[in-house]
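J.:
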Amino acid sequence: MGGLAFPGRPPRVVAFGGGHGLAAALAAWRRITPDLTAVVTVADDGGSSGRIRREMPVLPPGDLRMALAALAGEAEREQTLAALFQHRFGGSGVLAGHPVGNLLLTGLTEMHGGDTVRALDELARLIGAHGRVLPMADEPLDLVARVEVADPDDPDRVRTIRGQVAIAATPGRVREIRLAPADPVVHPAVLEAIAAADVVSLGPGSWYTSVLPHLLVPRLRAALAATQARVVVVLNLEPQPGETDGFSPEEHLSVLQAHLDGVALHTVIADAEAVVDRRGLLEAVRECGAELLLAAVAEPDGAPRHDPVRLSSALASVVGVR
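Okay, so the sequence shown: first residue is 57 according to our numbering, each after it adds one.
(1) For the alpha helix (DSSP H) that P373 lies in, which residues bound it at each end?
(2) Short of 6 Å in beta carbon distance, which residues of its chain neighbour R264, apart from the five on each side in sequence? Order them along the chain.
(3) Is it right to say A359 is buried, meaning 16 or more other beta carbons lie within 10 angstroms of its own, or is it exposed?
(4) Alpha carbons only, please: which of I108, M122, G118 is nearest the one belonging to A81?
(5) Leaving out five residues on either side along the sequence, give the residues of the same chain with a beta carbon under 6 Å from the beta carbon of G157.
(6) Please give me, in chain order, every unbroken run of the beta strand (DSSP E) with length at least 3 that falls completely inside the segment 251–280.
(7) Name the one or two DSSP bridge partners that F72 has.
(8) Helix, strand or coil, according to DSSP, for P11 in the structure here?
(9) Can you find the residues in the same chain that come closer than 7 Å, C-beta to C-beta, to H168, ignoring five residues on each side of it along the sequence?
(10) Taking E130 as the reference, which of A222, A193, A185, V353 has the closest Cα?
(11) Distance, Cα to Cα, L197 vs A236?
(12) To the nearest angstrom, how far is the alpha carbon of P227 from that of S266?
(13) State the CB to CB distance for the pair D363 and V353, rounded to an integer number of angstroms; the pair is presumed to be in contact (CB under 8 Å).
(14) Taking 6 Å as the limit between beta carbons, can you name the residues of its chain near V331, skipping five residues before and five after?
(15) Does DSSP put I88 in a helix, a strand or coil?
(16) With burial defined as no fewer than 16 other Cβ atoms inside 10 Å of the residue's Cβ, what is the status of Q296: buried or exposed?
(17) Between V69 and the rest of its own chain, which residues show a CB-CB distance below 6 Å, the 5 nearest in sequence each way excluded?
(18) On the three-state DSSP scale, how would you describe E232?
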């Protein structure tokens with residue numbers, strides 16, 4: 057498989073996603089390069105993030121916090137601060153369930169007059185982050201999906217569901233997804249990172265609520281269509297209940313392809329053990345004009361999680377880094 061070469065410097069990588077999937081990708085990419093930018097979804101409306109965005113004029117902080125923690129430095133102080141970011145308050149009061157990092161990011165954003173990027177950069181310095189974290193849009197987003205529910209006797213089988221949590225909790229298959237607002241403002245730093253990138257990565261993660269939303273933002277999609285970077289997709293290890301029930305790896309890829317709209321794919325990485333129909337996936341990858349890399353990227357114990365060391369090895373082979 058042909059890789060890229062970066063004589064004299066590490067590759068510039070921009071990783072798109074949200075939640076645990078993006079954190080797994082960042083844990084792998086940080087082993088390859090310090091020039092790493094995470095572009096994080098801002099559509100979460102559940103848990104602590106949902107409570108904060110309903111009460112404050114800020115972006116939902118949860119996925120941004122998780123990305124920061126995934127990039128934290130190795131020093132004891134930095135790791136302690138990262139653990140503090142992730143710590144959730146106990147008890148049953150108004151703070152119960154809030155991660156400390158969500159409150160820190162919200163408070164610092166308010167101190168800086170609503171400038172989330174400045175707040176993220178300051179927190180990144182505080183924890184010695186190996187890279188930068190940026191929001192995919194400068195305003196909170198809502199996901200709106202058309203979901204075909206599982207009950208064949210339901211006269212309204214296809215329903216419009218609003219909100220990330222509601223979409224993930226609705227049994228059935230997502231047939232269409234869109235954003236509200238449809239054309240949100242994107243921070244210039246995000247577009248600059250894409251323009252300068254050597255590699256752009258998508259996935260793994262919740263396909264409809266963490267991966268595809270980036271391709272629904274017109275300014276992001278236009279920047280991705282114009283970039284000269286190699287675009288790498290990391291497929292999920294298994295379907296996600298409530299979003300992609302019953303989806304094969306090739307169905308995940310087919311859904312992604314339907315949302316590319318001019319964005320080129322170059323490499324698709326899939327776990328060798330998670331693929332049942334290798335020929336079917338290979339055909340789907342070739343239809344996208346991409347190359348397929350089958351590799352052992354899951355945890356060795358069989359857990360449905362990407363192993364950072366294994367995934368970094370696969371990513372390194374794609375970009376030509378030893």
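Beta carbons: idealized from backbone N, C-alpha and C, even for Gly. Here the structure is a predicted model, which means the values were calculated and not measured.
T.: Looking at the coordinates:
(1) In the sequence as presented, Pro is not what sits at residue 373; that position holds Ser. That run of the alpha helix (DSSP H) goes 364–375.
(2) Note on identity: in this sequence residue 264 is Tyr, with Arg being the wrong assignment. Excluding residues within five positions, the ones whose Cβ falls inside 6 Å are V230, I233, E299.
(3) exposed
(4) M122
(5) Excluding positions up to five away in sequence, the list reads R121, F141.
(6) 255–258
(7) In DSSP, F72 forms a bridge with V95, L258.
(8) Because the chain spans 57 through 378 in this model, residue 11 falls outside it and cannot be assessed.
(9) R174, A175
(10) Of the listed residues, the one whose Cα sits closest to E130 is A185.
(11) 6 Å
(12) 18 Å
(13) 6 Å
(14) P305, L337
(15) coil
(16) buried
(17) Residues W85, T89, L92, V255 of the same chain have their beta carbon placed closer than 6 Å to that of V69, with the five preceding and five following residues left out of the count.
(18) strand
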